[in-house]
Amino acid sequence: MQMPTPNPQILAKKARIVERLRAVLPRDSVIEDEAETRAYECDALTAYKCPPLAAVLPSSTKEVSDVLRICWEEGVPVVPRGSGTSLAGGALPTADCVILGVARMNDVLETDYDNRVIRVQTGRTNLSVTGAVEEEDFFYAPDPSSQLACAIAGNIAMNSGGAHCLKYGVTTNNLLGVTMVQMDGTVVEIGGAHLDSGGLDLLGLICGSEGQLGVVTEATLRILRKPEGARPVLMGFDDNEVAGACVADIIKAGVLPVAIEFMDRPCIEATEAFAKAGYPMCEALLIVEVEGSDAEIDEQLALILEIARRHNPVELREAKDADEAGRIWLGRKSAFGAMGQINDYMCLDGTIPVSELPYVLKRIGEMSKEYGLGVGNVFHAGDGNMHPLILFDANKPGDLELCEAFGADILRLCVEVGGCLTGEHGVGIEKRDLMIDQFAPEDLEIQMATKDVFDPQWLLNPAKVFPLESSQSRRATAMAAE
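The opening position of the sequence shown corresponds to residue 1 in UniProt numbering, with each subsequent residue numbered one higher.
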């Protein structure tokens with residue numbers, strides 16, 4: 001097949017931009033070869049791919065500022081990228097963009113144990129933040145399933161959570177300050193190493209903004225003392241809805257576990273075959289973990305187990321030692337990889353009121369039959385953060401589109417029962433056209449007007465978050481005004 005002839009104007013523009021970028025970055029920090037840029041053509045939502053114009057890997061805030069200023073002057077879109085673990089297409093490039101990866105920005109800049117804060121470059125991985133302080137018996141609380149690989153930059157962009165968010169909150173509850181570079185290269189400091197800052201809560205605006213407002217290069221994070229101890233209990237049930245009702249009753253009782261995780265039979269079977277954690281073969285499984293002193297743990301678990309027994313569990317297993325606790329968590333931590341071994345799947349991320357868990361699980365099961373596609377449910381049940389895994393065949397024509405339609409209906413269901421489209425994965429490209437199901441036109445207009453202030457040319461992370469037609473129109477208006 002004859003390849004299309006490259007547009008000479010595009011080639012000339014690319015050559016000029018690459019030359020300018022190489023003037024402010026080390027040569028190996030600028031990637032422009034077509035074969036090499038394919039490493040950045042997608043993130044963890046691999047159904048969609050597009051090689052960028054180029055990719056850059058700066059090592060400091062100064063270099064990020066120089067890159068953004070050049071792209072701003074040239075009118076080139078920029079897609080910020082952490083570790084590329086986004087499941088919503090949050091780091092998907094456009095063909096005319098420059099990928100700005102922060103992977104080389106991974107230093108610890110300051111540690112203050114007295115005030116319980118750490119300042120890091122945002123290319124540092126989530127788990128390695130805890131790794132930097134654990135010898136002093138501290139830890140960083142947010143723990144996404146991808147914490148071994150995901151970067152703090154992406155955690156901030158998507159306001160990521162994790163299994164222990166029920167007690168410790170998500171990223172926004174553990175983020176104290178940021179250094180952010182705006183699209184024109186201006187460096188701003190927001191928040192700091194203190195509980196709260198004066199004036200408008202711009203930090204709350206930045207966290208979860210998905211790279212729409214600026215590139216966060218440094219972050220001041222809250223670190224916590226490790227608890228005296230922790231103990232999980234595993235509960236098996238013969239019905240998804242019963243397990244959901246048990247979660248609602250635990251929350252209603254006022255006890256605060258550090259985590260409540262849910263897995264259904266498809267996930268249990270897959271993880272057992274993969275990790276051999278010793279899970280019971282039942283319809284639904286809960287992992288509930290509490291922490292504190294031995295006396296506190298005993299008191300909390302006694303109440304939790306009393307509630308569980310009212311729901312006729314098929315198995316209750318309390319960890320007696322660290323090895324058994326590790327095995328209880330092993331399957332849950334392996335769930336996504338295990339499901340990937342048996343089928344292509346799309347991982348969703350919607351959040352609902354905990355009281356609606358029984359109803360939503362029932363409706364997902366009904367919709368699964370209607371669409372003819374299997375679903376595995378594994379999620380953070382304590383805060384209602386759903387992660388249905390819709391199984392499909394990527395090689396079967398029409399199956400991806402059917403999967404997307406099914407996923408859209410699940411997310412609409414989340415909104416209908418009083419929840420929202422995303423808990424921690426973000427909107428990205430996956431949910432951008434569902435934003436009208438959650439927000440009125442006036443609400444979206446306010447959000448887009450906020451982006452106008454921070455990024456008037458609409459160059460940062462294009463075609464994400466907002467309905468595609470709206471963002472394209474906004475960008476066209478900005479270009480016409482130049």
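All C-beta atoms, glycine included, are put in the ideal place defined by N, C-alpha and C. Nothing here was measured: the structure is a model prediction, and the numbers come from that model.
Scanning the segment 325–376 from its first residue to its last, the whole beta strand (DSSP E) runs of 3-plus residues come out as 344–347. Just measuring C-alpha positions, the residue of Val30, His387, Asp28, Lys49 sitting nearest Arg38 is Lys49. The alpha-carbon separation between Asp201 and Glu74 amounts to approximately 32 angstroms.
For His380, the pairing in a beta bridge is given by DSSP as Glu261, Asn385.
In this structure, Ala149 lies away from Thr217, with their beta-carbon atoms at least 8 angstroms apart.
The beta carbon of Met263 sits closer than 6 angstroms to the beta carbons of Leu285, Val378 from its chain, once the five residues preceding and following it are set aside; these are given in chain order.
The residue among Thr271, Arg231, Glu41, Leu68 with its C-alpha nearest the C-alpha of Gly376 is Thr271. DSSP, read as helix, strand or coil, puts Glu283 in coil. The continuous alpha helix (DSSP H) containing Asp294 extends over residues 294–309. With respect to Ala253, Leu301 sits apart: the two C-beta atoms are not nearer than 8 angstroms. The segment 429–441 makes no contact with the segment 63–78, as fewer than three CB pairs between them are under 8 angstroms.
Selection Ile10, His164, Ser473, Glu401 evaluated against Pro227 yields His164 as nearest (Cα-Cα).
Cβ contact annotation for Ala478 (same chain, cutoff 7 angstroms, sequence separation greater than five): Pro456, Gln457, Trp458, in chain order. Nearest neighbour of Ala319 by Cα position, chosen from Tyr279, Val76, Tyr113, His380, turns out to be Tyr279.
Judged by DSSP in its simplified three-state form, Asp112 adopts strand. The three-state reading of DSSP puts Glu63 in helix, counting H, G and I together. Every alpha helix (DSSP H) stretch that sits fully inside the segment 14–92 and reaches 4 residues is listed by chain position as 34–37, 61–74. Excluding residues up to 5 positions away in sequence, Asn106, Ile152 lie with their Cβ nearer than 6 angstroms to the Cβ of Arg124 in the same chain. Under the criterion of beta carbons closer than 8 angstroms, Ser160 and Pro144 qualify as touching, at roughly 5 angstroms.
In the structure shown, the three-state DSSP call for Leu221 is strand. Per the coordinates, the alpha-carbon of Pro142 lies some 14 angstroms from the alpha-carbon of Asn385. Secondary structure of Thr450 (DSSP, three-state): helix.
The C-alpha of Ile352 is placed about 8 angstroms away from the C-alpha of Val415. A distance below 8 angstroms separates the beta carbons of Val427 and Ala88. Annotation for Arg327: Ala277, Gly278 place their beta carbon closer than 7 angstroms to its own, counting only its chain and skipping 5 residues before and after. Sixteen is the threshold: since fewer than 16 other Cβ atoms of the shown chains lie within 10 Å of the Cβ of Gln9, the residue is exposed. DSSP places Ala243 in the helix class (H, G or I) of the three-state scheme. DSSP places Leu316 in the strand class (E or B) of the three-state scheme. The C-beta distance from Leu25 to Val76 rounds to 15 angstroms, too long to meet the 8 angstroms contact threshold. Contact check for Ile118 against Val98 fails: the beta carbons are separated by 8 angstroms or more. Pairing Gln212 with Val465 gives a Cβ-Cβ distance under 8 angstroms.
DSSP places Pro142 in the coil class of the three-state scheme, outside both helix and strand. For the segment 181–232, the full-length alpha helix (DSSP H) segments reaching 4 residues or more read 202–206 along the chain. Secondary structure note for Gly101: its beta strand (DSSP E) is the uninterrupted segment 98–101.
At the C-beta level, Leu195 and Phe139 stay beyond 8 angstroms of one another. Excluding five sequence positions before and after Leu330, the CB atoms of its chain that fall closer than 6 angstroms to its own CB belong to Ala275, Ala277, given in chain order.
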